[in-house]
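J.:
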Amino acid sequence: MTTDTLAQPAGRRRPSLSSLPLLLLRFRAYLALIVLVVLFAATSPAFLTVRNLIIVAEQVAVFAILGVGMTFVILGAGIDLSVGSVAGLAAMVAGGLISQGLRIPFFDVAIFSNVVITCVITLAVGTAVGVVNGLFITRLRVTPFIQTLGMLYVARGAAQLISDGATYGDLSGQASLGNTGFLILGNGRFLGLPYAIWIMIVLAVVATWIARRTVFGMQVFALGGNERAAELSGVRTSRVKIYTYAISGFCAALAGLIIAARLGAANPAIGTTYELNAIAVVVLGGASLFGGVGTIGGTIIGAFVLGVLSNGMVLLGVSDFWQTVITGAVIIFAVVIDQLQRRAEQAAAVRSAARQPQGESEPGRS
Numbered sequence: 001m002t003t004d005t006l007a008q009p010a011g012r013r014r015p016s017l018s019s020l021p022l023l024l025l026r027f028r029a030y031l032a033l034i035v036l037v038v039l040f041a042a043t044s045p046a047f048l049t050v051r052n053l054i055i056v057a058e059q060v061a062v063f064a065i066l067g068v069g070m071t072f073v074i075l076g077a078g079i080d081l082s083v084g085s086v087a088g089l090a091a092m093v094a095g096g097l098i099s100q101g102l103r104i105p106f107f108d109v110a111i112f113s114n115v116v117i118t119c120v121i122t123l124a125v126g127t128a129v130g131v132v133n134g135l136f137i138t139r140l141r142v143t144p145f146i147q148t149l150g151m152l153y154v155a156r157g158a159a160q161l162i163s164d165g166a167t168y169g170d171l172s173g174q175a176s177l178g179n180t181g182f183l184i185l186g187n188g189r190f191l192g193l194p195y196a197i198w199i200m201i202v203l204a205v206v207a208t209w210i211a212r213r214t215v216f217g218m219q220v221f222a223l224g225g226n227e228r229a230a231e232l233s234g235v236r237t238s239r240v241k242i243y244t245y246a247i248s249g250f251c252a253a254l255a256g257l258i259i260a261a262r263l264g265a266a267n268p269a270i271g272t273t274y275e276l277n278a279i280a281v282v283v284l285g286g287a288s289l290f291g292g293v294g295t296i297g298g299t300i301i302g303a304f305v306l307g308v309l310s311n312g313m314v315l316l317g318v319s320d321f322w323q324t325v326i327t328g329a330v331i332i333f334a335v336v337i338d339q340l341q342r343r344a345e346q347a348a349a350v351r352s353a354a355r356q357p358q359g360e361s362e363p364g365r366s
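Under the working numbering, the first residue of the sequence shown is numbered 1, with each subsequent residue one higher.
1) Is the beta carbon of residue 307 sitting closer than 7 Å to the one on residue 59?
2) Please work out which residues of its chain come closer than 6 Å, Cβ to Cβ, to residue 64, disregarding the five sequence neighbours upstream and downstream, and give them in chain order.
3) DSSP state of residue 361, grouped into three classes?
4) Quick check on residue 175: buried or exposed, where buried means 16 or more other Cβ atoms within 10 Å of its Cβ?
5) Measure the beta-carbon distance from residue 286 to residue 36 and round it to whole angstroms, keeping in mind my assumption that it falls under 8 Å.
6) Check residue 293 in the structure and name its three-state DSSP category.
7) On the criterion of 16 or more Cβ atoms from any shown chain inside 10 Å, does residue 319 qualify as buried, or is it exposed?
8) Going by DSSP, what residues sit across from residue 110 in a beta bridge?
9) Among 126, 350, 113 and 33, which residue has its Cα nearest to the Cα of residue 85?
10) Rounded to a whole number of angstroms, what is the C-alpha to C-alpha distance between residue 221 and residue 292?
11) Enumerate, from N- to C-terminal direction, the unbroken beta strand (DSSP E) stretches of 3 or more residues contained entirely within the segment 104–160.
12) What is the rounded straight-line gap between the Cα of residue 245 and the Cα of residue 81?
13) With DSSP as the reference, identify every bridge partner of residue 268, one or two as the case may be.
14) What do you get for residue 249, buried or exposed, if any count of 16 or more other CB atoms within 10 angstroms of its CB means buried?
So, in structure tokens, the structure goes:
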């Protein structure tokens, strides 16, 4: 049997997706977004106004940023349930540094830093939490679900401990302390668009480049596709896993900074249940919960699906209770569609593989 013969079945898997049902499943997020935009544009005159579209994009930015980090974890066949709590922890770290400074009890002094250093420290905390998740998962063999579920509580508890459960109500800072300017991150604009949207765009571009053009990106896909095969190919799977969770922690901290800056306050409850939205936008965007399949662009579209849905329901006067029900139903639907796509692709691959050997072994019957 030649090398070409071995390579052919794998090469024939993609053409099998040319069937209409599989194409619809693969591009479900784009179709859902188009349907929602047409629906809400027809039912609400305010939906397609520039002001409302900017509001939608600004709301979407937080979930998209969380989703970018979650995409790397899910591509590597992992899960991160701690991102919402890490966002809340990051908000409280930033709030504490701005309101009370970095306290040194031994000398009874507090050091106040400028907004750049505050953001760097906060992002470092979020990244460190992600690294801890990765280390426990790879070194101690704790399952990702259990580890990140535990970290969800640890991070949320740490956020409450920072201020004894209180809210830091004013994050504008003081000019005399040199810590002003934090609120610009959530309320400032560049070329008419909020900074949060620009951060989302830049992050999406960088993440897409990492996923598609770097060795690390290829290793993440390999890890999610078949971890054992990746190890045999020389991929340091443990290190790749740690990096994916570090990216997720960084993105969660970034989202927490944006939320706190937008609110002008930091509360320990920030980010509650956001981990579910992050998972939802990734799956809506076409990623597989089993790993190895997904794109950053799809995640961004998935975030816009949830954002447009939420905004449209508000414009139509749908009650908060029904909004929660509908959002939950969308998450369930996204997981069901993911399962259907996986089964359809597996069935198509089996049919393709079954036809290929028959055509080669018995050419006289063609």
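The C-beta atom is built at its ideal place from N, Cα and C for all residues, glycine as well.
Fair warning: this is a prediction, and the values are worked out from it, not measured in the lab.
T.: Concretely, from the data shown:
1) In terms of Cβ geometry, residue 307 and residue 59 form a close pair [threshold 7 Å].
2) Here the set comprises 200, 300 and 303.
3) Bear in mind that a pLDDT of 47 at residue 361, under 50, signals an unreliable position, so the number given afterwards is only what the model happens to contain. The answer is helix: DSSP assigns residue 361 an H, G or I state.
4) It counts as exposed.
5) Not quite, the Cβ-Cβ distance comes to about 16 Å (not below 8 Å), so this is no contact.
6) Three-state result, residue 293: coil.
7) Exposed, since its Cβ has fewer than 16 Cβ neighbours within 10 Å.
8) Beta-bridge annotation (DSSP): residue 110 is paired with 103.
9) If we check each option's Cα against that of residue 85, 126 comes out closest.
10) Rounded to the nearest angstrom, the two C-alpha atoms are 5 Å apart.
11) Segments of the beta strand (DSSP E) lying fully in the segment 104–160: 109–111.
12) Spanning the two alpha carbons is a distance of roughly 11 Å.
13) DSSP output for residue 268 lists no bridge partner at all.
14) Buried, because 16 or more other Cβ atoms sit within 10 Å of the Cβ of residue 249.
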